[in-house]
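Since the structure comes first, as structure tokens, the remarks are kept for the end.
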Amino acid sequence: MSYFLVKVHCPHCQTPKVKKNGVNGNGQQNFYCKDCRKQFQFVYKYQGANPRIKKQVCEMAMRGNGIRDTANILKMSSVTVILVLRLWFKTHHEPCFEGTYERVIIDEM
Ligand SMILES: [Zn+2]
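Residue numbers for the sequence shown follow the numbering used here, so the first one is 1 and each next one is one higher.
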């Protein structure tokens, strides 16, 4: 019998300080981050719950990809894309675009 050791990092803060936190209803292992105190899974059954996919959805929206286009590329439903975007913009007041703007238009004050 052989074993594989996989170093698990938190998808939210990338710290390796995680511990096992039980098993969910699908039989998948839950992990708990000791730094940011968030729970996550190593493998997600539903892509809409994956924090990496959620961030990718937001980045694609900020680059002008449509909802159906994003859903097709990431293999998830368009309803899930809308829900992820709604939740993202509800909790984050600033856009998640981290690049530089080529041109900025200043509105009236
Ligand atoms: Zn964390």
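In this text, a Cβ means the ideal position worked out from N, Cα and C, and glycines have one as well.
This structure is a prediction, so every number in the text was calculated from the model and none was measured.
- Separation of G27 and Y3 (C-alpha to C-alpha, rounded to the nearest whole angstrom) is 19 Å.
- Placement of the Cβ of K7 at a distance of 8 Å or more from every heavy atom of ligand 1 is found.
- Nearest neighbour of C13 by Cα position, chosen from C33, Q29 and A71, turns out to be C33.
- Residue pairing from DSSP places K20 in a beta bridge opposite F31.
- If you ignore the 5 residues before and after N24, its C-beta comes within less than 6 Å of the C-beta of N30, all in its own chain and listed in chain order.
- Straight across, the Cα-Cα distance linking P16 with D35 is about 9 Å.
- Secondary structure note for Q41: its beta strand (DSSP E) is the uninterrupted segment Q39 to Q41.
- Residue W88 holds the alpha-carbon nearest to the alpha-carbon of A49 among D69, M62, M60 and W88.
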